[in-house]
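Engineer: In this note's numbering, the protein residues as written are 678 to 880. Positions of the beta carbon are idealized from the N, C-alpha and C atoms, including for glycine.
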Amino acid sequence: MLLARSIFLMRTTGAILAALIALPACGVGNDDDSGGTDTPSTPDDRKCSAELSTVGTFTMSQPVPDIRNNTTNEAGADGMPDFTGCWPVGTWTFTAKVETTDCETPPVPKSEYRFVTTYQADVDGLGAEYDYAMQSPTLAASGEFLRLKVSSGGGGLCEGVMELYLDGGKTAWLLHPALNDFNKSGPLTGFGDYATYDAPIYP
């Protein structure tokens, strides 16, 4: 498993509220934060919610590296990929659809969500890493929070995690596009959640 590297758009840290989302245990991603507070609300502050589905495409931008011998673990290609399983390097593009909601005014997803995963090879002996860059939607400079991550679900499954906290942290979009075919381009499926709150809710 590759090590994950955290990068921050605006340096805000904290733990994700367990009532909002349970992340898979094996992560290969990072956190991108924009704005936020350190005082999370509770589930009792929720005003309304919605269940979402996601569909889209993944375009691999770099094949799995072959820079080491898998038998001897020494430098030198051996004709075999150095990693197996989740390989999220490329462009993740997807849409979200509201399946059910108890909101008086149903939420309206953006026309497109897109982020790019890049691979950073191990050059300092600390391990290889992934970096993430949000491409759409574009968040405001303040008052909005973003977290990006890709986790390995086993058997090659890559699950994306895009968390968007908008409206001063009172609106949360938690989107989980999933790539079922690894090491090549393939379709994305997945799910998501939406909720609004009386008070700001941030990780």
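1. Tyr871 and Leu729: beta carbons closer than 8 Å?
2. The beta strand (DSSP E) spanning Thr772 covers which residue range?
3. Cα-Cα, which of Thr778, Glu806, Val775 and Gly837 is closest to Arg791?
4. May I have the straight-line CA-CA distance separating Thr772 from Val732, to the nearest angstrom?
5. Grouping DSSP H, G and I as helix and E and B as strand, with all else coil, what is Asp858?
6. Taking the alpha carbon of Trp769 as the reference point, which residue from Glu781, Ile878, Pro877 and Gly867 has its own alpha carbon closest?
7. For Gly830, which three-state DSSP category applies?
8. Hey, Cys780 and Ala727: beta-carbon distance below 8 Å or not?
9. Between Ser829 and Gly767, how many whole angstroms is the CB-CB distance? I'm expecting something under 8 Å.
10. Which residue from Asn857, Leu816 and Leu834 puts its Cα closest to that of Glu840?
11. State the Cα-Cα distance for the pair Val827 and Asp858, rounded to the nearest angstrom.
Structural biologist: The short version:
1. Going by C-beta atoms, Tyr871 is nearer than 8 Å to Leu729.
2. DSSP places Thr772 in the uninterrupted beta strand (DSSP E) bounded by Gly767 to Thr778.
3. Of the candidates Thr778, Glu806, Val775 and Gly837, the one whose C-alpha sits nearest the C-alpha of Arg791 is Gly837.
4. Near 6 Å, if we compare the C-alpha coordinates of Val732 and Thr772.
5. Asp858: coil per DSSP, three-state reduction.
6. Considering only alpha carbons, the answer is Gly867.
7. Taken through DSSP and simplified to helix, strand or coil, Gly830 comes out as strand.
8. Cβ atoms of Cys780 and Ala727: closer than 8 Å.
9. Not a contact, Cβ separation roughly 15 Å.
10. Nearest of Asn857, Leu816 and Leu834 to Glu840, Cα basis: Leu816.
11. When rounded, the distance between both Cα atoms is 14 Å.
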